[in-house]
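In the numbering used here, the protein residues as written are 121 to 212. Positions of the beta carbon are idealized from the N, C-alpha and C atoms, including for glycine. Keep in mind the model is a prediction, meaning the values are calculated, not measured.
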Amino acid sequence: MELMNYMMLLLLLILMMMMCLSSFLLILTCFEFLLILILHSYLMVEMIMNNDWIFLLILIMGVCESVIGLSLMISIIYLYGNQSMKFLNLMW
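In structure tokens:
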């Protein structure tokens, strides 16, 4: 039952990311919620297996991901004046 709740939350987050492709901040927020969901599900498994180092590794990667995302968003706001993804031309 609890696994089904995680799968529903994961599906909801993926759908939310698909709907919010116009705003960079909303995409970063969805990634952070996805990371929290992964960490929480791993904590449930870790109670049985007792591997603490993997949890710390995932947490460190999440912090690095959020710092890189925020610095990219600040750079985009500085260069383009807003955080909308409509102004970015990703096909060079």
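Item	Value
DSSP bridge partner residues for S143 (one or two, in chain order)	S204
Cβ contact check for the segment 177-186 and the segment 126-138: 3 or more pairs under 8 Å	no
L148 vs G189 beta-carbon contact at 7 Å	yes
Nonlocal neighbours in the same chain, by C-beta distance under 7 Å from F153, ignoring five residues either side	L133
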